[in-house]
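Have a look at the structure below, then the notes.
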Amino acid sequence: MRIREAKPDELETVGEIRVAAYLADGFLSAGSAYVPRLRALGADGDGDVLVAVRQGADGTGRDQILGTVMICGWPGGELVRSADEAEVRALAVAPHSRGAGIGRKLVSAVIERARGSGVRYLVLASLPEMVTAHHLYGQAGFTRLPERDWAPMPGVSLLAFGLRLDACSQDATGTGTPAQRQPSSPGALP
């Protein structure tokens, strides 16, 4: 398995994987007004869409997309407030590909992508019931940012998380040690 940027002709499949993952976990209903937006994220060129692929897995030599994540810089994203921030969006692993560490590898890849482009802070928003994702984010060093929680529409509340990249060095597993994960002021990015 490897992680790379999605190709333009793969974005439709990426959208379907996002929707399938959110539906499988009960985070979305098939008739939700968010379905078309979730499918289309990144198709307008706003942000970078990364994919985890198994090379040549379908017998035709084409890559099979197993999961995806997106990163949006400034200006863009829902939580980004300055040019040194970027937002992680739409982490999803195909339901049939779960349990192989793909989500962890995608989070690690998006952190490295941000760090390599000079981003100092990564932020993201997540539904309260996405506890598996919250655990994954915590392992990667993200901490809660309750002051950035928000409601994009009535009845939908999102929890905010952040990671200071300038204060979090990575070990060989892609996760910082507990001492390295602490922001300079709890719950806030300076």
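Position one of the sequence shown corresponds to residue 541 (the numbering used here), numbered consecutively onward. The C-beta atom is built at its ideal place from N, Cα and C for all residues, glycine as well.
What first and last residue would you give for the beta strand (DSSP E) that runs through Leu631?
In the sequence shown, residue 631 corresponds to position 91, counting from 1. That run of the beta strand (DSSP E) goes Glu625 to Val633.
By Cβ distance, which residues of its chain are closer than 6 Å to Ser697, with the 5 residues on each side in sequence left out?
Taking the sequence shown and counting its residues from 1, the one referred to as residue 697 is at position 157. Correct list, in chain order: Ala691.
Could you please give me the residues that DSSP links to Met541 through a beta bridge?
On the sequence shown, position 1 is the one that residue 541 refers to. Beta-bridge pairing links Met541 to no other residue.
Where does Thr672 fall in DSSP's three states?
Residue numbering aside, residue 672 sits at position 132 when the sequence shown is read from its first letter. Note: Thr672 maps to helix in three-state DSSP.
Check for me: the beta strand (DSSP E) holding Gly656 runs from which residue to which?
For the purposes of this step, residue 656 is taken as residue 116 along the sequence shown, with counting starting at 1. Note, Gly656: premise wrong, no beta strand (DSSP E); alpha helix (DSSP H) at Ile642 to Gly656.
Who are the Cβ neighbours of Ala558 in its own chain at under 8 Å, not counting the five residues just before and after it?
Working through the sequence shown from its first residue, we reach residue 558 at position 18. The sequence given here places Arg at residue 558; Ala does not occur at that position. Cβ neighbours of Arg558 beyond the five flanking positions: Leu578, Arg579, Leu581, Thr608, Ala630 and Ala632.
Output needed for Cys612: all residues of its chain with C-beta closer than 7 Å, excluding positions within five of it in sequence on either side, in chain order.
If you number the sequence shown from 1, residue 612 lands on position 72. If we look at Cys612 and ignore the five residues flanking it on each side, its Cβ neighbours are Asp586, Gly587, Val620, Ala626, Glu627 and Arg629.
Any idea what DSSP makes of Ala573, helix, strand or coil?
Working through the sequence shown from its first residue, we reach residue 573 at position 33. Correct three-state label for Ala573: coil.
What does Thr683 pair with, by DSSP beta-bridge criteria?
Counted from its first residue, the sequence shown places residue 683 at position 143. The partner list for Thr683 (beta bridge, DSSP) reads Gly702.
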